[in-house]
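Q: Residue numbering for the sequence shown is 1 to 135, as defined by UniProt numbering.
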Amino acid sequence: MGSFSSNIIIFSAGGCPLSYVHALVVSYDPSHAIGQIVDTDPLKVKSGQVVVQCFPLLTLLLAINQTHVDYCSLDVQGSELDIIRTLPLETVDVKVFSIEHVLVPGGKAEVAGYMKKKGYTFHSNVNVDMFFVKK
């Protein structure tokens with residue numbers, strides 16, 4: 001039997017990717033079914049909330065020296081397009097995106113329209129995720 005060799009590198013950022021272009025410390029409420037940023041002023045943290053450091057996706061990618069991504073999955077409870085809009089897709093090469101669309105304002109149509117404008121082709125829909133491939 002032959003050997004298998006791969007250069008697969010996997011990064012997971014559980015936490016707080018931002019739809020802002022700069023890092024923020026925020027008040028975050030994890031108690032909802034869908035956690036959410038409550039306030040961008042961490043001094044306004046209330047009972048049951050936590051203070052969290054959040055970074056834009058581009059900052060996370062640059063920190064790990066990756067501007068080429070084969071597959072990026074976004075499931076951030078409605079901020080998916082806002083986060084993608086902060087990525088300079090002319091310089092960050094993402095081959096395939098899966099994007100949860102259920103809570104995105106404008107839904108499937110908004111996601112599909114934006115991704116098409118950015119040079120991506122709709123590939124398939126699996127449950128609540130839309131898959132797009134770079135042309």
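Even glycine gets a Cβ: it sits at the ideal position worked out from N, Cα and C.
Here the structure is a predicted model, which means the values were calculated and not measured.
What number of angstroms, rounded off, separates the C-alpha of residue 29 from the C-alpha of residue 113?
A: The straight-line gap from Cα to Cα measures roughly 31 Å.
Q: Return helix, strand or coil for residue 88, following the three-state DSSP convention.
A: DSSP places residue 88 in coil when its eight states are reduced to three.
Q: In the stretch 69 to 116, which residue ranges form an unbroken beta strand (DSSP E) of at least 3 residues, counting only runs that do not cross its ends?
A: You should have 93 to 100.
Q: Tell me which same chain residues have a C-beta within less than 7 Å of the C-beta of residue 73, skipping the five on either side of it?
A: So the list reads 98, once near-sequence residues are dropped.
Q: Indicate whether the contact test is met: 3 or more Cβ pairs, each with one atom in the stretch 58 to 66 and one in the stretch 31 to 46, closer than 8 Å.
A: Taking 8 Å as the limit for Cβ pairs, the verdict is that the stretch 31 to 46 does not touch the stretch 58 to 66.
Q: Please identify the residue among 90, 126, 116, 10 whose C-alpha is closest to the C-alpha of residue 64.
A: Ranking the options by Cα distance to residue 64, first place goes to 10.
Q: Which class does residue 204 belong to by DSSP, given the choice of helix, strand or coil?
A: Absent from the structure is residue 204, since the part of the chain shown begins at 1 and ends at 135.
Q: Roughly how far, in whole angstroms, is the beta-carbon of residue 31 from the beta-carbon of residue 42, given that I think they are within contact range, below 8 Å?
A: Actually they are not in contact, since the Cβ atoms of residue 31 and residue 42 sit about 17 Å apart, beyond 8 Å.
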